[in-house]
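Contents: one structure, followed by commentary.
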Amino acid sequence: MQIEALLRALWTAYAGLFWPALIFAGAALAFRGVEALHTARRASGEVRTNLLLFTFDIIAVTPLLVLMMASVGAWLQTQGLRLFSAAQWEALPAALVVFIALFIGDFVAYWRHRLEHVGLIWPWHAIHHSDERMTWTTGLRFHPLNRLTTTLIDMSALALLGLPIWAVVVNGMVRHYYGMFIHMDLPWTYGPLGRVFVSPAMHRWHHVRDARGAGVNFATLFSVFDQAFGTYHVQGPCAAPLGVRDEIGKGAFAQLVWPLRVLMRNLRFRARVGTV
2 MQIEALLRAL WTAYAGLFWP ALIFAGAALA FRGVEALHTA RRASGEVRTN LLLFTFDIIA
62 VTPLLVLMMA SVGAWLQTQG LRLFSAAQWE ALPAALVVFI ALFIGDFVAY WRHRLEHVGL
122 IWPWHAIHHS DERMTWTTGL RFHPLNRLTT TLIDMSALAL LGLPIWAVVV NGMVRHYYGM
182 FIHMDLPWTY GPLGRVFVSP AMHRWHHVRD ARGAGVNFAT LFSVFDQAFG TYHVQGPCAA
242 PLGVRDEIGK GAFAQLVWPL RVLMRNLRFR ARVGTV
């Protein structure tokens with residue numbers, strides 16, 4: 002039964018990529034023409050790594066997430082820690098509930114994302130940034146531990162508000178699919194709307210290899226958070242080299258073990274310092 006459940010999870014996850022893949026491919030061809038095909042061919046190795054990591058995440062992380070989110074939800078319920086009751090949310094229009102979930106969800110994710118770029122947490126998140134030929138599949142590229150903590154933090158914050166489950170699910174779906182979209186190789190800045198929403202060009206600056214991408218553009222949906230907290234950076238379409246300066250190996254296995262290697266190296270260094 003466990004194998005059947007995992008197979009169903011894989012089928013659901015990849016079936017959910019079918020239409021986005023068609024739409025994203027169509028958009029790339031429409032706006033970039035034949036160059037989109039050349040870009041896809043050059044990125045084939047990175048795409049393969051992205052899909053392998055995504056598959057591993059589903060197998061390793063999904064069962065843990067189901068158990069942990071059920072535990073978090075039950076604990077919040079028994080402790081009476083939900084800030085607003087179900088009746089209060091039901092009194093609001095559904096569209097307003099969705100907007101609140103998306104806006105607060107992106108606010109929480111903005112600060113969670115900033116923390117992922119600091120100190121000991123960075124090596125786990127660096128896997129996402131190691132893609133040097135960014136495509137929409139880069140939005141699927143996460144170390145399992147990074148995906149686990151990301152989902153737990155984001156969903157737990159919304160559960161603490163007492164938001165209905167359907168609104169939490171809608172927030173997760175919007176972030177999932179829009180997150181893939183903003184990783185596309187498109188030069189769109191959205192013009193004046195870029196001051197409200199995160200564009201593909203804006204997020205591409207976040208993935209720049211040099212210092213310009215180190216501390217900017219952490220939001221996924223609303224660029225207002227980066228503007229409010231001084232991390233907004235868009236110099237038009239981005240053509241700068243992407244990736245990280247760390248020597249992370251190619252391939253899914255190298256990506257999985259690299260944060261562990263960094264952790265062990267740091268522990269050995271601290272042990273040597275402690276003996277001096």
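Count along the sequence shown from 1, add 1, and you get the number used in the numbering used here. Glycine included, C-beta positions come from ideal geometry on N, C-alpha and C.
Task: Contact the stretch 80-98 vs the stretch 158-174: 3+ CB pairs below 8 Å - done: yes
Open item on the list: Does the structure place the stretch 28-43 close enough to the stretch 171-188 that three or more beta carbon pairs sit under 8 Å?
Closed with: yes
Open item on the list: Taking only three categories from DSSP, how would you classify V35?
Closed with: helix
Task: Cut-off 8 Å between Cβ atoms - residues of its own chain near F198, not counting five sequence neighbours on either side - done: Y191, L222, F223, S224
- [ ] Look at the alpha carbon of G120 and the alpha carbon of A92, and state the distance between them as a whole number of angstroms.
- [x] 43 Å
Task: W137, buried or exposed, once every other Cβ within 10 Å from all chains shown has been counted against 16 - done: buried
Task: Alpha carbon of W12 to alpha carbon of L268, nearest angstrom - done: 40 Å
TODO: Return helix, strand or coil for L243, following the three-state DSSP convention.
DONE: strand
Task: Between the CA atoms of P242 and G252 - distance to the nearest angstrom - done: 19 Å
Task: Spatial neighbours of I154 in its chain, beta-carbon cut-off 6 Å, leaving aside the 5 residues before and after - done: R113
TODO: Closer than 6 Å by C-beta to L37: which residues in its own chain qualify, once you throw out the five before and the five after it? Chain order, please.
DONE: The sequence shown places Ala at residue 37, rather than the Leu named in the question. Closer than 6 Å at Cβ, skipping near neighbours: A29, L30.
- [ ] Mind reading off the beta-carbon distance from P124 to P260? Whole number of angstroms is fine, and I expect it under 8 Å.
- [x] 4 Å
Task: Neighbourhood of A6 by C-beta, 7 Å cutoff - its chain only, sequence neighbours within 5 removed - done: none
Task: Proximity below 8 Å, CB of T139 to CB of N51 - done: yes
TODO: Examine the Cβ distances between the stretch 65-74 and the stretch 105-112 and report whether three or more of them are shorter than 8 Å.
DONE: no
Task: Sequence-distant residues of its chain with Cβ nearer than 6 Å to R273 (five each side left out) - done: none
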